[in-house]
Every structure is written in C-alpha cells, then in structure tokens.
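Novice: Under my numbering, the sequence shown has 611 at position 611, and the numbering climbs by one with no breaks. Glycine included, every Cβ here is placed at the ideal spot set by N, Cα and C. In this text the structure is predicted, and so the values were computed from the model without any measurement.
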Amino acid sequence: MTELLEPRAIGRGLVRRDGEAKVRGTATYAYETPVERPAYAFPVQATVARGRVTAVDTSAAEALDGVLAVLTHENAERLASTDDQELAVLQSAEVAFRGQLVGVVVAGTSELARQAADLVRVEYAVEEHDSELVVDHPALYKPEKVNPSFETDTAEGDVAAAMATAHATVEQTYSTAMYHNNPLEPHATTALWDPSAEVPLTVWDSTQGVHPDRAAVCEVFGLGQEQVRVICPYVGGGFGSKGTPHANVMLAVLAARAVPGRPVKLALTRQQMFFLAGYRTPTIQRMQLAADRTGRLQAIAIDVVEQTSRIKEFAEQTGVPTRMMYASPSRRTTHRLAPLDVPVPSWMRAPGECPGMFGPEVALDELAEALGIDPVELRIRNEPAVDPETGKPWSSRHLVECLREGAERFGWADRPPARHREGDWFVGTGVASSVYPTMRMATSEAVVRFENGRYVVEIGAADLGTGAWTVLPQIAADALDVPVDDVEVRIGDTRLPEASVAGGSSGTNTWGSAITVAAREFRAKFGRDPGDGDEVSGSVDQAAMDDTRAAYAFGAQFAEVRVNADTGELRVPRLYGVFAAGRIINPRTARSQLIGGMTMGLSMALHENSVWDPRIGQVANHDLAEYHVTVNADVGDVQAHWLDEHDPYVNAMGSKGIGEIGITGTAAAVVNAVHRATGVRVRDLPVTLDKVLPGLS
Ligand code: MOS
C-alpha cells in the first residue's frame with residue numbers, strides 16, 4: 001500500500017498551462033525551432049519491395065545550386081551500431097521493404113532538397129517479395145516473447161474437452177486491419193551537429209520521451225550521453241509512433257553530421273509516414289468460447305496470427321487481455337508471427353489490448369446470443385475474483401460497476417429489439433468491455449527546488465498533448481502541500497532529470513511518483529520554510545513497486561448504431577463509456593483522453609484501414625485523402641464517465657493511466673450494435689457498408 005496524497009489540486013479540472021501558447025501559435029514544435037541558417041533534408045525511398053541497390057547516380061542532384069550533401073549507403077558515415085536494423089540508415093545496399101530509406105539530400109531550402117531527392121537515380125536488383133499476411137503463412141513462427149516481455153503462449157486446463165462438452169460454444173475467426181498512427185504533427189526533427197560545442201549534438205525532436213530518444217541516438221552513433229541533448233517541449237500527438245525513435249530521427253542526425261555547424265530540419269511527409277513511422281500490425285484472431293447453461297465460461301482461447309518485418313521483430317501482445325479479463329477453468333492464448341517484406345510494425349495506442357479486445361468481446365456477444373443471455377449480464381457472470389492468470393488479487397477492479405453504470409446511463413434496459421427499424425434506418429445497440437494495465441516504467445527522477453519564492457519541479461517528461469504540463473504541477477502541489485500556482489514544472493529536455501517514455505499510459509504514474517518522492521523528501525529535509533536554492537532529487541524504481549496485486553483500469557462502452565436499410569450507411573449517434581481508472585488527476589484533460597481514445601476506436605470500427613497491396617508491397621491509400629479517420633461529422637454524442645476509484649496499491653496518486661483504455665473495446669461495441677441492428681455479424685474490421693449491405697435485404 002502507498003500513502004495516498006491528500007487531493008487538493010488533484011481532481012480539479014484546471015485549464016491547460018500550455019493552452020494559450022498553442023492557441024496563439026507561440027508553442028514551438030520540433031520542425032519550427034528557430035535556428036540560424038537552417039538546411040533541409042529530404043529522404044530518398046526505395047521503389048522496390050525487396051532487393052538490393054546496384055547503382056546510384058547522384059550527379060544530377062549534386063549539380064543543383066544549393067545542394068549541400070547527397071548521402072546514400074555508398075558515402076554515408078558508418079554507424080557505431082547496426083543492431084537495430086530499422087535504425088541502421090544508409091548502411092547497406094539491401095532493401096527490406098518498399099519505401100525504406102536509400103538516401104537523403106540536404107539543401108538550403110526544403111523545395112530544393114525535395115527536387116534534388118527526385119533527381120537521385122537508383123537502380124535495383126529486384127527480388128521477389130512476400131508481403132501478404134495469411135493465416136497459414138508457411139513461415140509462421142513462435143516469437144520468444146510478446147511485447148514487452150510476456151509469455152508467447154499460455155495454457156491451462158483442457159480447452160478442446162470443454163469445447164466438446166459445453167452447453168454453448170463459439171468458434172470464429174476475427175481480424176483487425178493494419179492501422180497507421182497518423183498524429184497531426186508529422187515525425188519531425190531539427191538536428192545540429194557542432195563539433196566545437198560542449199554538447200556537440202542537439203536534437204529538437206517530436207518524441208514521446210527525450211531520454212529514451214537520446215539513448216537510441218547515442219547507441220546508433222556511438223556518442224556519450226553528455227554529447228547529446230534532446231529537446232521537446234511540445235508534441236502534436238504520437239499515439240505510440242513517437243514512443244521509440246524511427247529511422248527518420250537517425251536520418252536527420254546523419255544529415256546534420258554531414259554538414260557540421262548547419263542545423264538540419266527533416267519532417268516526414270504524410271505519405272512517407274505510411275512507410276517509416278510504424279503502424280499496428282493486422283491481426284487474425286481465432287477465438288474459442290465454451291459456456292455452461294448459465295453462461296459461465298468453461299473455456300476461453302485465442303490464437304493470434306500477425307505480422308512482423310524481416311529486419312526487426314515486433315510481436316504485438318494481442319492475446320494478453322484474454323488471459324485476465326474473465327474467469328474460466330480452461331484457457332489458452334498463442335501468438336504466431338509471419339515475417340514479411342513490410343515496414344516495421346510498432347507501438348500504436350494500446351498495443352495488445354486494442355486489437356486484443358476486438359475478437360474476444362465480439363465472440364462474447366455471439367455467445368450471449370447463443371445462450372439467450374443479455375451481453376451485460378454475461379460479462380458480469382464471468383467476473384473473476386482474482387487475476388485468472390496469476391492468482392493475484394486485484395489492486396481494484398470495478399468492471400461490473402462500469403457495466404452497470406454504463407447500462408443505466410445509456411438506457412440499456414430499454415434497448416430496441418433485434419433488427420429494429422425506424423423509417424429507413426435499422427437501429428441497434430452494443431456493449432463491450434475495456435481494459436488497460438496500470439504500468440509504471442522502470443525509473444524516473446525528479447528534482448524539487450525552491451527558487452524565488454516558488455517551487456520548481458524538473459523532470460524530463462513529455463506532453464504529447466495529453467496534459468503533462470498541467471497535471472504534473474497538480475501532483476507536485478499536493479505532494480508539497482502548496483497551492484498549484486506556486487509550482488512551476490519544467491519538462492521536455494534531457495538537461496532535466498531522467499524521465500521514462502510517455503508510453504503504456506504510464507507517464508503520469510511514473511513521473512508523478514518520482515515527483516511525490518522528491519517532494520516528500522524536500523519537506524522532510526527543509527520543512528515548510530525552505531531557503532532559496534534548497535533542492536532535493538527523488539526517484540522511483542520499478543523494483544520497489546508493489547507487484548503483489550494485479551493492476552488494471554477497466555471500462556465498459558455502449559454504442560448505438562444506425563444502418564441505412566437501402567445503402568448500408570453506418571452512423572454511430574451515441575457512444576458512452578464508463579471507466580474505473582483510479583483517481584482522475586484532472587477531469588478536463590482526462591475527459592479529452594478518454595473521448596479521444598473512444599473516437600479513435602470508433603474510427604477503427606468504421607473507417608481506418610491501411611489497404612495493403614501485396615502485388616507491389618505497400619499501403620495503397622497512403623495519405624489522409626484515402627486513409628479515412630473519423631472526423632467531427634462522424635462523431636455524435638460521445639460521453640466519457642468514470643467511477644470515483646481510489647486505488648491505494650498503484651501509486652501515491654491512486655491513479656491508473658487513461659491514455660489508452662478509451663480505444664479498447666470500442667470497435668467490438670460498434671460491431672455488436674451493427675449485428676443487433678441488422679443481424680449481420682461483421683468479424684473483419686472495418687465495418688464498411690459493403691460488408692453489411694448484402695445482409696440487409
Ligand atoms: Mo503508447 S502506444 O504505449 O505510446
């Protein structure tokens with residue numbers, strides 16, 4: 001148990017501290033960092049899906065007046081480490097996927113860099129590529145672990161026996177599409193290599209963590225940490241795609257090192273982001289559910305097939321939520337990967353839980369129908385007393401309360417009957433559960449200092465637009481027991497104490513814990529009347545964390561769907577979520593996170609789909625004209641509510657993390673509502689009208 005902070009500033013819906021700077025346009029993002037005499041870099045990308053570069057002709061590019069450097073694998077510096085093949089830019093002639101970096105041009109203007117990049121002639125020896133994920137791919141293999149370090153497969157009891165003898169079973173295959181993160185701000189970097197400076201490399205990067213970003217740059221370029229500074233005050237979204245640096249960051253640094261003293265700016269275009277900035281692997285999920293007459297699960301199993309790139313393994317932990325959501329004596333989860341000639345998959349909002357709460361939550365709906373049991377009630381009947389996987393007690397688990405309160409708010413009891421029609425529209429409602437683990441990263445450190453009558457807190461944290469600038473002062477204020485206006489928090493710079501990545505919905509938990517430790521030590525050392533310059537540093541360490549409890553945030557989402565009887569057009573006028581995510585530090589920024597996650601889930605349900613063309617090996621719709629995301633007109637009444645949950649086991653704030661849970665389960669709720677409305681069961685996302693229309697007549 002942790003001694004919980006007395007919430008005074010915590011719990012208040014304070015406005016964003018960075019809001020005014022953003023609205024006025026004075027908040028500087030990585031690409032627009034003001035620097036002297038900037039140069040601009042533009043990538044050259046491979047135009048084959050597999051093969052090797054046999055010849056490069058850079059003469060036309062170099063002949064342009066104002067071109068400063070043209071780099072390819074033939075003349076680029078040799079990197080200190082090529083262990084991470086995604087980051088080993090311009091080190092070899094091999095091409096592992098279409099769009100991979102094969103060169104970069106640096107020039108005095110961005111237009112010139114782009115024009116010159118177009119003039120670089122590259123010849124290839126083309127090899128046959130294999131880029132299509134199929135469920136029975138001959139090269140499927142079992143990875144050693146799934147992300148970040150889970151067992152690949154788990155098994156308990158006898159699923160097959162339960163399937164053979166149960167009162168009701170569901171055995172179906174579900175799939176989720178390939179998705180691209182698509183933050184509003186593209187992946188962008190300004191890098192300056194100045195060998196005469198005390199810190200020779202400065203990188204202004206759009207990143208979810210300045211310290212992890214620096215660590216990766218140091219590794220690849222063989223630099224010491226003291227030689228590199230990474231700065232990132234603001235991020236225009238990441239959704240995981242800036243959680244670990246991608247090749248573009250290394251390319252920017254490589255380009256900067258080729259023109260010492262000149263700062264180099266590199267921003268990926270939207271189209272380039274579809275090749276180089278990570279994406280969520282498509283998944284194929286074979287589900288098995290078996291239940292007795294009362295709806296109690298006798299077996300739950302998920303067998304996942306998904307893809308990875310050949311050059312770097314990424315094993316999405318899709319089966320992991322099935323291990324802990326519901327009670328069942330027999331359980332099985334497996335993961336198999338197909339290594340393909342494709343870009344490297346990576347983190348995207350709720351990796352694992354987001355795709356992994358689709359198949360199971362739709363299968364439960366199918367089971368409810370088979371049993372004639374209400375789908376809310378079916379979930380409640382399978383509530384586990386302890387974590388089924390580990391046997392640990394829950395730090396707190398209020399899924400049932402979320403389901404009940406959601407049902408109440410939504411008016412679930414009065415839901416329309418199946419295939420209910422109002423005029424030209426079929427109307428239906430659906431439900432699904434949400435979950436996300438409560439994580440705290442390995443280590444973070446914070447400094448608290450008394451300076452000119454105010455408390456200054458320093459920590460190299462990141463604000464992706466999530467609200468760290470605003471909520472960290474709230475935590476610090478309560479830990480110091482002072483008004484929040486007396487606290488200034490500085491983040492986003494490796495000169496500040498080392499902070500963990502803003503990932504896994506862990507930022508507020510980890511940084512807030514470090515700040516609390518530092519603040520408490522500060523009070524213990526200097527009392528309530530500190531002197532100017534008094535300073536304490538405090539840190540948290542995962543090893544010291546209480547892991548005797550299984551800690552997760554839970555939620556329930558309810559969707560109302562309307563399907564046009566003639567056209568199959570789908571609308572979602574209502575989407576309600578109720579969450580139990582520990583103490584909510586700031587209701588204003590929290591609501592934004594939860595509604596944002598749910599909206600992204602709605603987008604996944606109806607729109608998002610990176611359409612893979614296996615003939616040429618690339619995403620066909622690689623821009624925002626054709627990769628559709630939910631826009632304002634698609635969003636009806638989206639509501640996020642939460643229970644008043646204070647979890648004393650997770651951290652001093654009692655908070656669980658809210659960045660990702662909102663996207664989990666949403667697509668299943670929508671699909672379940674579509675089925676209720678139309679009788680059409682769509683098992684492959686997204687739910688587009690072509691999949692629904694044939695079943696409407
Ligand atoms: Mo999030 S996908 O863990 O950055």
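Relative to the alpha-carbon of threonine 494, which residue among His607, Ser444, Thr28 has its alpha-carbon at the smallest distance?
Specialist: Selected option, being the one with the closest Cα: Ser444.
Novice: So what does DSSP say about tryptophan 193, is it helix, strand or coil?
Specialist: Strand at tryptophan 193.
Novice: By how many angstroms is the C-alpha of arginine 331 removed from the C-alpha of proline 388?
Specialist: One C-alpha to the other measures close to 9 Å.
Novice: Is the distance from the Cβ of glycine 295 to the Cβ of tryptophan 347 below 8 Å?
Specialist: No.
Novice: State the beta-bridge partners of glutamine 285 as determined by DSSP.
Specialist: Paired residue(s): Tyr174, Val304.
Novice: Look at the Cβ atom of arginine 591, then the Cβ atom of alanine 667, and state whether they are nearer than 8 Å.
Specialist: No. Outside cutoff.
Novice: Among Val146, Leu112, Ile475, which residue has its Cα nearest to the Cα of asparagine 651?
Specialist: Among Val146, Leu112, Ile475, the Cα nearest to that of asparagine 651 is on Ile475.
Novice: To the nearest angstrom, how far is it from the Cα of valine 487 to the Cα of glutamate 306?
Specialist: Each residue's alpha carbon lies about 47 Å from the other.
Novice: Taking the beta strand (DSSP E) that alanine 41 falls in, what are its first and last residues?
Specialist: Unbroken beta strand (DSSP E) run through alanine 41: 39-45.
Novice: Report yes or no: do three or more beta-carbon pairs, one from the region 63-79 and one from the region 18-35, lie closer than 8 Å?
Specialist: In short, these stretches do not touch, since the Cβ pair count stays below three.
Novice: For threonine 567, which of Gly430, Ala432, Ala477, Trp425 has the nearest alpha-carbon?
Specialist: The candidate whose alpha carbon is nearest that of threonine 567 is Trp425.
Novice: Among residues of its own chain, excluding the 5 on either side of alanine 88, which ones have a beta-carbon nearer than 7 Å to its beta-carbon?
Specialist: Only Leu79, Thr82 meet the Cβ criterion.
Novice: With a floor of 4 residues, list each alpha helix (DSSP H) that falls wholly inside the region 362-447, ordered by position along the chain.
Specialist: Whole alpha helix (DSSP H) segments, 4+ residues: 375-381, 399-410.
Novice: Indicate whether glycine 352 and asparagine 609 have their beta-carbon atoms separated by less than 8 Å.
Specialist: It is not a contact, given that the beta carbons lie outside the stated cut-off.
Novice: Identify which residue in Leu606, Ala39, Ala673, Asp644 has its Cα closest to the Cα of histidine 628.
Specialist: When each option's Cα is compared against that of histidine 628, the closest is Leu606.
Novice: Where glycine 238 and leucine 340 are concerned, what is the direct C-alpha to C-alpha distance, given to the nearest angstrom?
Specialist: When rounded, the distance between both Cα atoms is 25 Å.
Novice: Is it buried or exposed, threonine 281, if we count other Cβ atoms within 10 angstroms and call 16 or more buried?
Specialist: Per the 10 Å Cβ criterion, buried.
Novice: So does arginine 676 have its beta carbon nearer than 7 Å to some heavy atom of the ligand MOS?
Specialist: Outside the cutoff, so no.
Novice: I want to check one thing, is the minimum distance from the CB of methionine 178 to the heavy atoms of the ligand MOS below 7 Å?
Specialist: No, the Cβ of methionine 178 stays beyond 7 Å of every heavy atom of the ligand MOS.
Novice: With a threshold of 7 Å (Cβ to nearest heavy atom), would glutamate 353 be considered close to the ligand MOS?
Specialist: Because no heavy atom of the ligand MOS lies under 7 Å away, the Cβ of glutamate 353 does not count as near it: no.
Novice: For proline 694, count neighbouring C-beta atoms within 10 Å of its own C-beta (all shown protein chains included) and say buried if the count is 16 or more, exposed if not.
Specialist: Counting Cβ neighbours within 10 Å, proline 694 comes out exposed, since fewer than 16 surround it.
Novice: For asparagine 564, which beta-bridge partners are listed by DSSP?
Specialist: In DSSP, asparagine 564 forms a bridge with Trp425.
Novice: Which residue's Cα is closest to the Cα of alanine 252: Glu219, Val203, Thr269?
Specialist: For alanine 252, the nearest C-alpha among the options comes from Val203.
Novice: Curious, which full-length alpha helix (DSSP H) runs of at least 4 residues does the region 610-689 contain?
Specialist: Listed in chain order, the complete alpha helix (DSSP H) runs (minimum 4 residues) inside the region 610-689 are 666-678.
Novice: In whole angstroms, what is the alpha-carbon distance linking alanine 669 and alanine 368?
Specialist: Those two C-alpha atoms are separated by around 13 Å.
Novice: Per DSSP, what kind of secondary structure is serine 513 in: helix, strand or coil?
Specialist: DSSP places serine 513 in helix when its eight states are reduced to three.
Novice: DSSP three-state call for isoleucine 231: helix, strand or coil?
Specialist: Correct three-state label for isoleucine 231: strand.
Novice: Could you please give the first and the last residue of the uninterrupted alpha helix (DSSP H) stretch that includes valine 203?
Specialist: Segment 201-205 is the beta strand (DSSP E) holding valine 203; no alpha helix (DSSP H) there.
Novice: Can you tell me whether DSSP reads arginine 8 as helix, strand or coil?
Specialist: Looking at arginine 8 - three-state DSSP - the assignment turns out to be coil, as it is neither helix nor strand.
Novice: Between leucine 624 and glutamine 271, what straight-line distance do the alpha-carbon atoms span, to the nearest angstrom?
Specialist: Rounded to the nearest angstrom, the two C-alpha atoms are 8 Å apart.
Novice: Does aspartate 463 pass the burial test, meaning 16 or more other C-beta atoms within 10 Å, or should it be called exposed?
Specialist: Buried, by the Cβ-count rule.
Novice: Within 10 Å of its beta-carbon, does glutamine 208 have 16 or more other beta-carbons around it, so buried, or fewer, so exposed?
Specialist: Result: buried.
Novice: For a minimum of 4 consecutive residues, which ranges assigned as the alpha helix (DSSP H) are wholly contained in the region 121-145?
Specialist: Listed in chain order, there is nothing to give.
Novice: Between the Cα of valine 386 and those of Pro343, Pro360, Pro417, Ala551, spot the shortest distance and give me the residue it belongs to.
Specialist: That would be Ala551, whose Cα lies nearest to the Cα of valine 386.
Novice: If you drop the 5 nearest sequence neighbours on each side, which residues of the same chain put their C-beta closer than 8 Å to that of glutamine 91?
Specialist: His73, Ala76, Arg78, Leu79, Thr82, listed in sequence order.
Novice: Would you please state the rounded distance, in angstroms, between the beta carbons of leucine 480 and phenylalanine 522? I believe it to be under 8 Å.
Specialist: At roughly 7 Å, the Cβ-Cβ gap stays under 8 Å, so leucine 480 and phenylalanine 522 are in contact.
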